[in-house]
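J.:
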Amino acid sequence: MDEQKSGTPRRSRRDRFSRDLVAFLICVGPAVLIFSIMMLWPLINMFRVSAFEWRRLTAPKTFVGLANYVELFNDPKLLVALRNTTIHLLVMLVGVMPLSFMLGFFLSQRVRGYRIFRTVFFSPAMLSAPAMALIFLGVYLPDGILNYVLEFVGLESWTRVWLANASTSLWAVIASDAWGAVGFYAVLFFAALSDLPRELFESAQLDGANYWTMMWRIAFPLILDFFGVTLTLNFIWTLTGSAQLVLLLTKGGPGTSSLTLSYYLYDKAFLTHRIGYSQAIGVLLLLMGVVGLVFIRRATQRSYLA
545 MDEQKSGTPR
555 RSRRDRFSRD
565 LVAFLICVGP
575 AVLIFSIMML
585 WPLINMFRVS
595 AFEWRRLTAP
605 KTFVGLANYV
615 ELFNDPKLLV
625 ALRNTTIHLL
635 VMLVGVMPLS
645 FMLGFFLSQR
655 VRGYRIFRTV
665 FFSPAMLSAP
675 AMALIFLGVY
685 LPDGILNYVL
695 EFVGLESWTR
705 VWLANASTSL
715 WAVIASDAWG
725 AVGFYAVLFF
735 AALSDLPREL
745 FESAQLDGAN
755 YWTMMWRIAF
765 PLILDFFGVT
775 LTLNFIWTLT
785 GSAQLVLLLT
795 KGGPGTSSLT
805 LSYYLYDKAF
815 LTHRIGYSQA
825 IGVLLLLMGV
835 VGLVFIRRAT
845 QRSYLA
């Protein structure tokens, strides 16, 4: 009788656990399955393919182990692509993001016409990459808008063939990317700053705080977590998405002057058809991304800044 009484609670706990497990699998299982198919498998497959020499999708694969990585780290183009990617990241993170925050704070003050400014700032984000590339081709052509303005103000010596000059092609691509990003993030910051109590800034003004102090000493710490999120988005987009503007504007040239890691991956995968080698570049991009995300997370933690 005692054994039956002691066994009943154990069975009820097992039954309850089984029901909870079934309910959990029904609710979460499809999401885990989709995540595994769409995210985990491609990630694992990237590491697997990087160990093969694979010319074209229909060609047979040859296992080469770490040979693609050895070749990659002895590739002189890798250092150029790393340098260009680092420059691009620094401009987008250290230059564009503070500027976007300042513009967002300006909008959050609800100055006259701020709705018009908000629309104008956000409009570049609604353009596709080909449309943006066409706009900047019109800017950078030898007889384009930029050279015309320079000639008009008497700076003919500054005119260049901007996209075909090794010293300016990378900066031309970066400027195009920054133009599309700065307004987009400004509107995101405007949305976050608009949720802050207005009384904070009114009290600060009564205490004699100027515009700069309110922006960086009051508003910025309050949305630091959000700033970290936008910094992460910008980092990921710049690291992996810069290939499209490079492809449309310069194709990495002239020479390798505007070559970035993401475009180099595209070049090896789709132009020279070295799929295994391209995935080795992808692994390097992944490692850079993980290190960058950890650094951004540490840098935007309140305890870290305190």
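Each number in this note's numbering corresponds to the 1-based position in the sequence shown with 544 added. Every residue gets a Cβ at the ideal spot worked out from N, C-alpha and C, and that includes glycine. As the structure is a computational prediction, the values presented were derived from the model and not from experiment.
1) Tell me whether the beta-carbon of Val-790 lies closer than 8 Å to the beta-carbon of Val-693.
2) Buried or exposed: which applies to Tyr-808, given that a residue is buried once 16 or more other Cβ atoms fall within 10 Å of its Cβ?
3) Along the chain, where does the alpha helix (DSSP H) containing Trp-585 start, and where does it finish?
4) Within the chosen definition, does the segment 588-607 reach the segment 793-813 through at least 3 CB pairs nearer than 8 Å?
5) For Phe-734 versus Leu-837, is the C-beta spacing smaller than 8 Å?
6) Quick check on Thr-606: does DSSP put it in helix, strand or coil?
7) For Ala-843, which option in Trp-706, Arg-818, Asp-769 has the closest C-alpha, if you only look at C-alpha atoms?
8) Need the endpoints of the beta strand (DSSP E) that Glu-597 sits in, please.
9) Closer than 7 Å by C-beta to Pro-606: which residues in its own chain qualify, once you throw out the five before and the five after it? Chain order, please.
10) Tell me the DSSP secondary structure of Arg-557 in three-state form.
11) Span of the alpha helix (DSSP H) holding Ile-767?
12) Look at Ala-673 and Gln-788 and say whether their C-beta atoms are less than 8 Å apart.
T.: Let's see:
1) The residue you call residue 790 lines up with position 246 of the sequence shown. The residue you call residue 693 lines up with position 149 of the sequence shown. No, the pair does not count as a contact, with Cβ atoms beyond the cut-off.
2) Here residue 808 refers to the residue found at position 264 of the sequence shown. Tyr-808 comes out buried.
3) Here residue 585 is taken as the residue at index 41 of the sequence shown, counted from 1. 585-593 is the span of the alpha helix (DSSP H), which, as asked, contains Trp-585.
4) No: the two stretches stay apart, fewer than three of their Cβ pairs being nearer than 8 Å.
5) For the purposes of this step, residue 734 is identified with residue 190 of the sequence shown, where counting begins at 1. For the purposes of this step, residue 837 is identified with residue 293 of the sequence shown, where counting begins at 1. It is not a contact, given that the beta carbons lie outside the stated cut-off.
6) Taking the sequence shown and counting its residues from 1, the one referred to as residue 606 is at position 62. If DSSP states are grouped into helix, strand and coil, Thr-606 belongs with the strands.
7) Taking the sequence shown and counting its residues from 1, the one referred to as residue 843 is at position 299. Ranked by Cα distance from Ala-843, the options Trp-706, Arg-818, Asp-769 are led by Asp-769.
8) Stepping through the sequence shown from its first residue, residue 597 is reached at position 53. It spans 596-598 - the beta strand (DSSP E) in which Glu-597 sits, taken as one unbroken run.
9) Walking along the sequence shown from the start, residue 606 turns up at place 62. It is Thr, not Pro, that sits at residue 606 in the sequence shown. Within the same chain, Thr-606 has close Cβ partners Phe-596, Glu-597.
10) Within the sequence shown, the letter at position 13 stands for residue 557. Correct three-state label for Arg-557: helix.
11) Along the sequence shown, one-based indexing puts residue 767 at 223. Annotation: Ile-767 is outside any alpha helix (DSSP H) and is labelled neither H nor E by DSSP.
12) Position 129 of the sequence shown, counted from the start, is the residue given in the question as residue 673. Position 244 of the sequence shown, counted from the start, is the residue given in the question as residue 788. Going by C-beta atoms, Ala-673 is nearer than 8 Å to Gln-788.
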